[in-house]
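Have a look at the structure below, then the notes.
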Amino acid sequence: MQWESLNPDDCVLAPGPVNLHPAVQRALSLPMIHHRTPEFDEILARVLKKMRAVFHTEQPVFLLSSTGSGGMEALLVNTLSPGDRVLAINSGKFGERWAEMARGFGMQVDELHVEWGHAVKVGDVAQMLKDGGNYRAVLCQACETSTGVAHPVRELGEIIHSYPETLFLVDGIAALGAYPLPMDQWFIDGLVGGSQKAFMLPAGMSFVSFSQKAWKFVESAKCPRYYFDVRREKKANEKGETFFSSNVTIIRALDVVLNLIDEKGWDKHFLEISKRAQFIRYFAPKLGLINYSLAPSNSLTALSTPPVIDSQKARLMLEEKFKITVMGGQDQAKGKILRIGHMGHVTQEQMIRLMMCLGEVLAELTGSTQLKNSLKEMKIEMKGWWGGGAGE
Ligand SMILES: *Cc1c(COP(=O)(O)O)cnc(C)c1O
Numbered sequence: 377m378q379w380e381s382l383n384p385d386d387c388v389l390a391p392g393p394v395n396l397h398p399a400v401q402r403a404l405s406l407p408m409i410h411h412r413t414p415e416f417d418e419i420l421a422r423v424l425k426k427m428r429a430v431f432h433t434e435q436p437v438f439l440l441s442s443t444g445s446g447g448m449e450a451l452l453v454n455t456l457s458p459g460d461r462v463l464a465i466n467s468g469k470f471g472e473r474w475a476e477m478a479r480g481f482g483m484q485v486d487e488l489h490v491e492w493g494h495a496v497k498v499g500d501v502a503q504m505l506k507d508g509g510n511y512r513a514v515l516c517q518a519c520e521t522s523t524g525v526a527h528p529v530r531e532l533g534e535i536i537h538s539y540p541e542t543l544f545l546v547d548g549i550a551a552l553g554a555y556p557l558p559m560d561q562w563f564i565d566g567l568v569g570g571s572q573k574a575f576m577l578p579a580g581m582s583f584v585s586f587s588q589k590a591w592k593f594v595e596s597a598k599c600p601r602y603y604f605d606v607r608r609e610k611k612a613n614e615k616g617e618t619f620f621s622s623n624v625t626i627i628r629a630l631d632v633v634l635n636l637i638d639e640k641g642w643d644k645h646f647l648e649i650s651k652r653a654q655f656i657r658y659f660a661p662k663l664g665l666i667n668y669s670l671a672p673s674n675s676l677t678a679l680s681t682p683p684v685i686d687s688q689k690a691r692l693m694l695e696e697k698f699k700i701t702v703m704g705g706q707d708q709a710k711g712k713i714l715r716i717g718h719m720g721h722v723t724q725e726q727m728i729r730l731m732m733c734l735g736e737v738l739a740e741l742t743g744s745t746q747l748k749n750s751l752k753e754m755k756i757e758m759k760g761w762w763g764g765g766a767g768e
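Under the numbering used here, residues 377 to 768 are what the sequence shown spells out, in order.
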């Protein structure tokens with residue numbers, strides 16, 4: 377079978393899904409247990425407790441069996457009502473999706489369009505709030521994965537915090553677990569993370585939490601909701617259960633991930649991810665790639681390819697020839713950028729191999745013998761770069 381032929385060099389360096397840790401792969405292949413067993417109860421209790429530490433919140437965190445987008449929906453339907461005015465920051469595909477979703481639930485959505493590759497200007501949001509939008513919520517990505525941008529979540533939280541009727545809902549799907557995003561301290565009222573991104577698991581779960589301020593709106597929210605009604609889930613969690621069948625497989629693997637990171641230390645975990653980002657950003661220009669994002673997130677790096685080539689071709693060649701997966705661009709960035717993920721279980725050797733293989737692909741597509749000839753020397757430099765003991 378095809379997956380049995382995977383070798384250790386094959387890797388997924390996309391901004392989700394990501395490479396799995398071997399211990400996680402083992403956890404995912406364990407025999408099934410029922411979710412109403414003392415064995416699972418213990419795992420669930422531990423994971424729920426640990427997730428509050430990951431979110432940096434005093435509030436409960438919920439484990440939903442849905443991809444990240446389901447968690448985005450859960451934030452909306454539990455706090456908002458049709459007709460509510462919402463300010464959606466749209467700086468790429470995921471901002472666009474959230475705005476569409478809010479409109480789908482009957483909200484009046486004002487979009488703040490931000491040029492792709494740029495972060496939102498805090499002053500622009502402040503102005504719109506001041507101009508009397510009477511917004512019930514501001515929607516924002518912590519990391520806009522389609523452009524590789526990190527938005528100034530902390531600064532936005534400080535401003536929105538002074539509006540008692542406005543909630544700050546943050547899509548942290550490609551951010552939470554990859555770099556610090558302390559929910560309570562940064563006045564985030566609704567936060568969502570996703571299993572296949574920084575949590576280094578397969579797709580299929582989202583994680584959400586609501587601030588004290590947001591909980592006040594949960595009872596009065598009039599959006600239709602059933603599966604994602606957190607009130608029911610909260611009661612079940614308080615009894616040590618999930619309301620619907622628990623996602624035993626992924627929750628058990630999440631337990632492993634959280635234990636692995638706890639053992640290593642979260643600071644070191646964040647540092648490793650930022651080191652990968654730095655490594656890519658240092659060597660990319662030597663391959664003729666230019667940083668696309670003006671406010672790059674550590675979760676991924678978006679790089680502009682030389683105008684003479686189609687980035688989609690480069691990523692396909694990288695996959696077919698070398699079994700390395702990175703992503704291309706979407707919409708207006710289609711054919712123009714490559715997006716390299718920094719989340720997941722990735723070794724320094726894999727990072728170096730990625731850049732060497734990418735160098736070969738680019739040399740072939742651009743016909744640059746100069747690039748091809750410089751790769752050998754670059755490899756030595758790359759090995760030296762890691763020398764400082766970033767440690768993985
Ligand atoms: C991946 C991603 C999503 C969508 O998550 P799914 O699991 O595909 O539903 C939403 N927002 C951001 C910022 C993402 O990176």
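Beta carbons: idealized from backbone N, C-alpha and C, even for Gly.
Please return the same chain residues whose Cβ sits closer than 7 Å to the Cβ of residue i, not counting the five positions on each side in sequence.
i: arginine 607; result: Val594
i: isoleucine 419; result: Ile627, Arg628, Asp631
i: histidine 721; result: Asn395, Leu396, His397, Met576
i: alanine 390; result: Thr701, Val702, Met703, Gly717
i: tyrosine 511; result: Arg461, Val462, Leu463, Leu505, Thr542
i: proline 682; result: Gly664, Thr742
i: glycine 482; result: Pro458, Gly459
i: glycine 471; result: Ala464, Ile465, Gln517, Glu520
Given the structure, does residue i come close to ligand 1, in the sense that its CB is under 8 Å from one of the ligand's heavy atoms?
i: phenylalanine 470; result: yes
i: arginine 422; result: no
i: glutamine 572; result: yes
i: methionine 427; result: no
i: glutamate 520; result: yes
i: threonine 443; result: yes
i: isoleucine 549; result: yes
i: glutamine 517; result: yes
i: methionine 448; result: yes
i: glycine 760; result: no
i: proline 391; result: yes
i: alanine 579; result: yes
i: serine 669; result: no
i: serine 585; result: no
i: arginine 412; result: no
i: valine 473; result: Before going further, note that residue 473 is arginine rather than valine in the sequence given. Yes, the beta carbon of arginine 473 sits closer than 8 Å to at least one heavy atom of ligand 1.
i: serine 582; result: yes
Just to confirm my understanding: we take residue i, look at its own chain, exclude 5 residues before and 5 after, and list those with CB closer than 6 Å. What are they?
i: threonine 443; result: Ala579
i: arginine 428; result: Val437
i: valine 514; result: Leu463, Ile536, Phe544
i: lysine 699; result: Asp386
i: glutamine 688; result: Gly704, Gly711
i: valine 737; result: Ala690, Met693, Leu694
Which residues in the same chain as residue i place their Cβ atom closer than 8 Å to its Cβ, once the five residues preceding and following it in sequence are excluded?
i: threonine 618; result: His411, Leu420, Leu439, Glu609, Ala612
i: glutamine 770; result: The displayed coordinates of the chain run from 377 to 768. Any statement about residue 770 would go beyond what the structure contains.
i: arginine 657; result: Asn667, Pro672, Thr677
i: glutamate 365; result: Absent from the structure is residue 365, since the part of the chain shown begins at 377 and ends at 768.
i: alanine 495; result: Ser467, Val525, Ala526, His527, Pro528, Leu670, Ala671
i: alanine 739; result: Thr745, Leu747, Lys748, Leu751
i: alanine 766; result: Only weak support exists for where alanine 766 lies, its pLDDT of 45 falling under 50; the value from the coordinates is given anyway. So the list reads Leu647, Glu648, Lys651, Gln724, once near-sequence residues are dropped.
Review point. Which runs of the alpha helix (DSSP H) spanning at least 4 residues fall entirely within the region 686 to 719, listed in chain order?
Key: Whole alpha helix (DSSP H) segments, 4+ residues: 687 to 698.
Point to revise | Any 3 or more C-beta pairs closer than 8 Å across the region 627 to 635 and the region 479 to 495 | key: Between the region 627 to 635 and the region 479 to 495, the count of Cβ pairs shorter than 8 Å is below three; the stretches do not touch.
Review point. Could you give the uninterrupted runs of the alpha helix (DSSP H) lying entirely in the region 617 to 670, keeping only those of 4 residues or more?
Key: Taken in chain order, the complete alpha helix (DSSP H) segments of 4 residues or longer contained in the region 617 to 670 are 624 to 640, 642 to 659.
Check your understanding: Which full runs of the alpha helix (DSSP H) of 4+ residues lie inside the region 430 to 511, going along the chain?
Key -> Annotation note: the region 430 to 511 contains the following uninterrupted alpha helix (DSSP H) runs of length 4 or greater, listed N- to C-terminal: 444 to 455, 469 to 480, 498 to 506.
**Study point:** Complete runs of the alpha helix (DSSP H) confined to the region 721 to 754 [at least 4 residues]
**Key:** Listed in chain order, they are 724 to 742.
Exercise for review: Go through the region 543 to 604 residue by residue and report every complete run of the alpha helix (DSSP H) that reaches 4 residues or more, in order.
Suggested key: Complete alpha helix (DSSP H) runs here, min 4: 588 to 594.
Check your understanding: Would the region 562 to 571 and the region 443 to 457 be scored as touching if the rule is three or more Cβ pairs under 8 Å?
Key -> Taking 8 Å as the limit for Cβ pairs, the verdict is that the region 443 to 457 does touch the region 562 to 571.
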